[in-house]
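For the sequence shown, this note's numbering assigns the number 338 to the initial residue and increments by one for each residue that follows.
Glycine included, every Cβ here is placed at the ideal spot set by N, Cα and C.
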Amino acid sequence: MTSAYLSSQPGSPAASQRHWRLDEIDFAAIRREDIADDEALFYLVISASFVEILADLYTANLGRRYADDAPASAWLNEQWRSEEIQHGDALRAYALAAWPDFDWDRAYAGFAEEYGAMCTMEQLEHYRGLEMAARCVVEIGTATLYNGVERSTREPVLRDLAGRIKRDEVRHYKQFQKLFKQYRDSEKLGFWAIAYAVFKRVAEARGEDSNIAFKHAYLGRHPQADAAEIARAWDAFNRSLGPWAKSHYPYRMAVSMLLALLPMPALLRRGLKWPLLGVARLMMFG
Ligand SMILES: [Fe+2]
Ligand SMILES: [Fe+2]
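Right under this line is the structure:
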């Protein structure tokens, strides 16, 4: 793959199906003074822009896997892929306007080179239904993260953008959930197989991709940093997310969306919601 950044084509058929357009956002209206001191927000937005733009790579993998399921592959290739790429385009445009001193393209090239090599077909789940459940978890991660950013930031352009992306991610979750249910029934997937796939993906949610994205965002600002300095900065970044999450991360939304994936009686699901909420608060951000 190429590590150069390639924007999506605005005139393509896929672009016309999106729920919003990039030119609806007035990046010139960014109030830089609202974000100037927010180091954690910088790394959050830059990391998100890197991962979203690479969607081009992992959405292509998934599209190939479901090539014989015409409705699923049409949605994956035309709607989902196009919207994820637009998230990357929009976050990149935001980063360029908000932090003009940061060399986004250079930092992204480093990220794409390191992370792109890890995105292979072999990483997909063996059962199609379990892969769909895992995709739901990823969409829960992004939907709740953008919801948290929308709720926490004072900067109006970012608030608007995070809200738009969040709504797309919630729609993606719903569509993946629909596909998951179809495959769950046809592949006869049981509770434990699903629960294992779901919680495995939850455990991975703050793993390698966010770590590598952070590393290259950090190197963009501190090109001389060695591995030990980056590791210290990564720890500090994670610690700084704790208080942010406590105030702004939508735990309730995350737990409800996760529980909706597990086949169980509605009463049990309601009963599990509150204890799981406590566990999620403890686990996700410390
Ligand atoms: Fe996205
Ligand atoms: Fe998404």
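Of all C-beta pairs linking the stretch 583-595 to the stretch 461-479, three or more are shorter than 8 Å, placing the two stretches in contact. Bounds of the alpha helix (DSSP H) holding R429 are 418-435.
One Cα belongs to V494, the other to Y431, and the distance between them is close to 8 Å. In the DSSP annotation of this structure, the continuous segment of the alpha helix (DSSP H) that includes P493 starts and ends at 493-523. Straight through space, the alpha carbons of F448 and D546 are spaced by roughly 9 Å. Residue state for A591 is assigned as helix, using DSSP reduced to three classes. Straight-line spacing of the CA atoms in I422 and L428 works out to 10 Å. The stretch 597-617 makes contact with the stretch 515-530, as at least three CB pairs between them are under 8 Å. No residue range can be given for D360, since it is assigned to no alpha helix (DSSP H) and is classified by DSSP as neither H nor E. Within the same chain, and ignoring the five residues on either side of R402 in sequence, the residues whose Cβ sits closer than 8 Å to its Cβ are M458, L461, R465, E468. The three-state secondary structure of R569, taken from DSSP, is helix. N484 and S410 have their C-alpha atoms roughly 28 Å apart.
At least one heavy atom of ligand 1 sits closer than 7 Å to the Cβ of H424. Less than 8 Å separates the beta-carbon of E420 from that of R355. Bounds of the alpha helix (DSSP H) holding G557 are 545-558.
Distances between the C-beta of E545 and the heavy atoms of ligand 2 are all 7 Å or more.
Look at A385 here: in three-state DSSP terms it is helix. Counted as a single uninterrupted DSSP element, the stretch harbouring A597 is not any alpha helix (DSSP H), since DSSP gives it neither H nor E.
If you check the CB distance, H585 and R501 do not come in under 8 Å. Cβ neighbours of E389 within its own chain (closer than 7 Å, five residues either side excluded): E421, H424, G425, L428.
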